[in-house]
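Under this note's numbering, the first residue of the sequence shown carries the number 305, and numbering increases by one thereafter. A virtual CB, placed ideally from N, CA and C, is assigned to each residue, including glycine.
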Amino acid sequence: MDINEFKSAWLQHDRKLSENLSINETLLNKINMDRSKKELNKPLRYEIVSFFLFIILIPVFIFLSVLYRSENSMLISGILAVATLVLGLFLCLKKIRLFYRIDYYQQPVLQLQEQLALLKSGILSARKIEVLLLLPILFLTALVLVLRYIHGINLFEDISFYLPLVLPGLLVTWGGTLFLNKYLYDKKVSNVEAMFKELKDYQKEA
Numbered sequence: 305m306d307i308n309e310f311k312s313a314w315l316q317h318d319r320k321l322s323e324n325l326s327i328n329e330t331l332l333n334k335i336n337m338d339r340s341k342k343e344l345n346k347p348l349r350y351e352i353v354s355f356f357l358f359i360i361l362i363p364v365f366i367f368l369s370v371l372y373r374s375e376n377s378m379l380i381s382g383i384l385a386v387a388t389l390v391l392g393l394f395l396c397l398k399k400i401r402l403f404y405r406i407d408y409y410q411q412p413v414l415q416l417q418e419q420l421a422l423l424k425s426g427i428l429s430a431r432k433i434e435v436l437l438l439l440p441i442l443f444l445t446a447l448v449l450v451l452r453y454i455h456g457i458n459l460f461e462d463i464s465f466y467l468p469l470v471l472p473g474l475l476v477t478w479g480g481t482l483f484l485n486k487y488l489y490d491k492k493v494s495n496v497e498a499m500f501k502e503l504k505d506y507q508k509e510a
């Protein structure tokens, strides 16, 4: 084999190697993007369901507020419940928009990481409001209004009797919410962060 044949063979080999690397990178990118989208689709679906649930509940509590408008304690509970649901609806919409801003197949990895960081920040910011403010207010006001409507019980008339029953329910609701946040949001986002990092590291090596 003369030098020209050797060069030609080497160039052909180098071209095939580059093509294989490009195919491998494209395949890895698609696999990671598919997995990432699948991971984040679960919390996204939860937010969409919550959004429509809030839309259904808002008129329900408006109805209860109007029904018991002559009772100040019930009217205030109804107004607080509606305000809480409206704020929850707004937070859901904000998170849904952050989910949809992630374009898994068109954006470069660095931009995907930035969008994921924004999503994570948005989720954590909303969580503080939801867990510390919205959850306890909605739980208590909904309990007051539902018991009044279904059983005719007015919690405000004998709060000391019902308080031991209310507090465990609130604690269980808090615990369930924290568990849901950990496994539906934190774990999924961490998994996607790891996938993006793996893809970025591979691209650097390539």
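Using the Cα positions of residue i and residue j, report the straight-line distance between them to the nearest angstrom.
i	j	result
Glu351	Lys399	7 Å
Ser354	Glu461	32 Å
Ser425	Lys492	14 Å
Val450	Gln415	47 Å
Leu469	Gly456	17 Å
Thr445	Cys396	20 Å
Phe465	Glu375	21 Å
Leu361	Leu371	15 Å
Phe356	Val413	32 Å
Lys504	Ile427	24 Å
Leu402	Ala498	19 Å
Leu467	Asn458	12 Å
Ala421	Leu471	35 Å
Asn345	Arg373	41 Å
Arg349	Asp490	15 Å
Phe483	Ser377	32 Å
Asn324	Gly479	For Asn324, the predicted structure reports a pLDDT of 47, less than 50, and the residue's modelled location is therefore unreliable. A value from the coordinates is still provided. Cα to Cα, the separation comes out at about 50 Å.
With respect to the alpha helix (DSSP H) encompassing residue i, which residues constitute its N-terminal and C-terminal limits?
i	result
Gln419	Val413 to Ile433
Tyr453	Leu439 to Ile454
Tyr466	Ile463 to Leu484
Phe394	Asn376 to Tyr404
Should residue i and residue j be called a contact, given that it needs their Cβ atoms to be closer than 7 Å?
i	j	result
Gln419	Arg431	no
Pro347	Leu474	no
Val448	Ser340	no
So, at 8 Å on beta carbons, what are the nonlocal neighbours of residue i in its own chain, with the 5 sequence-adjacent residues on each side left out?
i	result
Thr481	Glu434, Val435 and Leu439
Thr477	Leu439 and Phe443
Met337	Tyr408 and Tyr409
Gln411	Gln419
Using a Cβ-Cβ cut-off of 7 Å (strictly less than) and excluding sequence neighbours within five positions of residue i, which residues of its own chain qualify?
i	result
Ser369	Leu379, Gly382, Ile383 and Val386
Tyr453	Leu368
Asn485	Arg431
Glu343	Lys492, Asn495 and Val496
Give me, in chain order, the residues of the same chain whose beta-carbon lies closer than 6 Å to that of residue i; leave out the 5 immediate sequence neighbours on both sides.
i	result
Thr521	Outside the shown range of the chain, which is 305 to 510, sits residue 521, and nothing can be said about it.
Phe358	Leu389, Gly392 and Leu393
Gln417	Phe500
Phe365	Gly382, Ala385 and Val386
Leu423	Leu402
Pro363	none
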